[in-house]
Amino acid sequence: MALKTRSYSIDGMRKMTIDEFKRWLKKFDQDKDGRISKDELADAIRALGGWFARRKSKQGIRSVDANGNGFIDDSEIKNLAESAENHLNERILYF
9 MALKTRSYSI DGMRKMTIDE FKRWLKKFDQ DKDGRISKDE LADAIRALGG WFARRKSKQG
69 IRSVDANGNG FIDDSEIKNL AESAENHLNE RILYF
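Letter by letter, the sequence shown follows residues 9 to 103 in our numbering.
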């Protein structure tokens, strides 16, 4: 489930805008509740070609989950985007 608009920068990082990142991530919201669960996050990481154990996805959720409810919602997407930049070879463009 790759984004057709995604491109690569000179340093080899994939890049997308924050809006593209949000649209891509929402494709993995299987129950359409507007939040990303640990299982949905693991599926998204696998779609990028990465491997993410369920335990690691739970840790990933915890690290960006500002309100501690166990899910990533719209207000926490920026936290997830920053994590993706640091750990997944993604560059998120904020404009």
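Think of the CB as a built atom: it goes at the ideal place given N, C-alpha and C, for glycine as much as any other residue.
Measure how close the beta-carbons of residue i and residue j come, nearest whole angstrom, since I'm counting them as under 8 Å.
i          : j          : result
residue 56 : residue 68 : Not really, about 13 Å apart at Cβ, beyond 8 Å.
List the endpoints of the continuous beta strand (DSSP E) containing residue i.
i          : result
residue 23 : 22 to 25
Quick check: what's the CA-CA separation for residue i versus residue j?
i          : j           : result
residue 28 : residue 102 : 10 Å
residue 84 : residue 73  : 6 Å
residue 71 : residue 87  : 9 Å
residue 91 : residue 40  : 23 Å
residue 45 : residue 26  : 19 Å
residue 30 : residue 43  : 11 Å
Mind checking which residues open and close the alpha helix (DSSP H) that includes residue i?
i          : result
residue 54 : 46 to 55
residue 85 : 85 to 95
In this structure, what does DSSP give as the bridge partners for residue i?
i          : result
residue 33 : The partner list for residue 33 (beta bridge, DSSP) is empty, contrary to what the question assumes.
residue 80 : 44
Could you check what DSSP says for residue i in three-state terms: helix, strand or coil?
i          : result
residue 43 : coil
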